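Everything in the sequence shown is counted per this note's numbering, starting at 3 for the first residue and increasing by one.
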Amino acid sequence: MSAALAAAWLTQPLNASAVALALAALIWVLHWQRCALALGALALAWSLLWSMPAAADALRDSLQGGYLGQSAEGLPQADAIVVLGGGIGRVSGFERGDADAPELAGNRVAAAARAWQAGRAPAILLSGGPSASTRGVSEARIMADALVKLGVPREVMVLEETSTDTRGNAERSARIAAERGWKRTILVTSALHMPRALQWFERAGLPALPLAPPEDAAPATGAWTPSMRTLDVSAQALHEYAGLMAATFD
3 MSAALAAAWL
13 TQPLNASAVA
23 LALAALIWVL
33 HWQRCALALG
43 ALALAWSLLW
53 SMPAAADALR
63 DSLQGGYLGQ
73 SAEGLPQADA
83 IVVLGGGIGR
93 VSGFERGDAD
103 APELAGNRVA
113 AAARAWQAGR
123 APAILLSGGP
133 SASTRGVSEA
143 RIMADALVKL
153 GVPREVMVLE
163 ETSTDTRGNA
173 ERSARIAAER
183 GWKRTILVTS
193 ALHMPRALQW
203 FERAGLPALP
213 LAPPEDAAPA
223 TGAWTPSMRT
233 LDVSAQALHE
243 YAGLMAATFD
C-alpha cells in the first residue's frame, strides 16, 4: 500500500481506531499498561466523536462553509468553466433536459450548465479520466453527454480524459488553458472538495473562481446521536483535510 493510499485509509475513523487499538494491545504486552489504556480510550473516543452529527457537521462546515450559497449570476466573466469529475450523480437525472430541475440543484454538471447558460464563460472544460465505477469510460465523456442533454452544445466543450486525482485535474487543465490562452476560469466541484481543488489549481498556475452547487439536505438526526452514516460524512471531511495538507506541503 502506497503512502497516499495508507493516509486515505486512515482518514476513516474506524480504521484509525483499529490501528490505535492494535498498538494499545502491543503496548500492553510490553507491560506499559497505563499507556495502553490511555491509547485504547483515545482510539474509542476518536470514532465515537466523529460518529456524532454535531462534530461531523462542524468539521464539514470548516471546509465548505465559505463556498455554499453561491450562484453563477454573481460571478464575473471568465474564459472557461472547469468541471471536475468524481461527483457526477445518476445519468438518469439528466433525461428531462432541465438544468434547473430541483433534483439537479446539487449536481456539479447541472451547475456548470447553468453557469454556461448564464453567459459566465463561452467554453466548458471537463476534467476526469476513467474510474472504478465508469467501466473504462472517462468521467469527462460522461459529463459531456450529460451536458448535451441539458442543452449545452458539444462544440463548446473540451475534454481532459486522463487525470485520476485532483492534482492531475489541475495540472492538465492548466496546460490546456495555456494552450488556448485562457486566463480566468470558473471551477466547479463540491463545496467540501473546493479548498483542496483551489489549492492545486493555484499551484498549477491557473487560479480559479469557485462555484459549488448546494449540498443535499442531510436527514434530520439528533446532534449527539452516533451513527455509521455520520462516520462516513466525517471520513469525507478528514480525507479532504489530508488532501489539503498534501496540496499545501507536497
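Just so it is clear, CB atoms sit at the ideal spot from N, CA and C, and this is done for glycine as well.
Predicted model, so just to flag it, every value in this text is computed and none were measured.
Let me check understanding here. Comparing Cα to Cα, which of the options lies closest to residue i?
| i | options | result |
| --- | --- | --- |
| W184 | V139, A125, S135 and S140 | A125 |
| R182 | A206, A244, V160 and Q35 | V160 |
| G87 | L70, R98, A112 and E75 | A112 |
| S192 | W202, E173, P212 and R205 | P212 |
| R116 | A146, V154 and S133 | V154 |
| M54 | P216, A225 and Q201 | A225 |
| T227 | G138, L16, A58 and G121 | A58 |
| S135 | H241, S129, L127 and I144 | I144 |
| Q201 | A244, L233 and I178 | A244 |
| L28 | G42, G89 and L16 | G42 |
| L25 | Q14, W11, T13 and A40 | A40 |
For residue i, count neighbouring C-beta atoms within 10 Å of its own C-beta (all shown protein chains included) and say buried if the count is 16 or more, exposed if not.
| i | result |
| --- | --- |
| Q79 | exposed |
| Q35 | exposed |
| R98 | exposed |
| W118 | buried |
| E162 | buried |
| G130 | buried |
| H241 | buried |
| T232 | buried |
| M230 | exposed |
Roughly how many angstroms separate the alpha carbons of residue i and residue j, rounded to a whole number?
| i | j | result |
| --- | --- | --- |
| S165 | W48 | 34 Å |
| L194 | E157 | 30 Å |
| A103 | L246 | 32 Å |
| A18 | A248 | 19 Å |
| A38 | V21 | 13 Å |
| R110 | L16 | 30 Å |
State the DSSP-derived secondary structure class of residue i, mapped to helix, strand or coil.
| i | result |
| --- | --- |
| P78 | coil |
| I83 | strand |
Would you list, in sequence order, the uninterrupted alpha helix (DSSP H) runs of no fewer than 4 residues that lie entirely inside the stretch 125-171? 141-151
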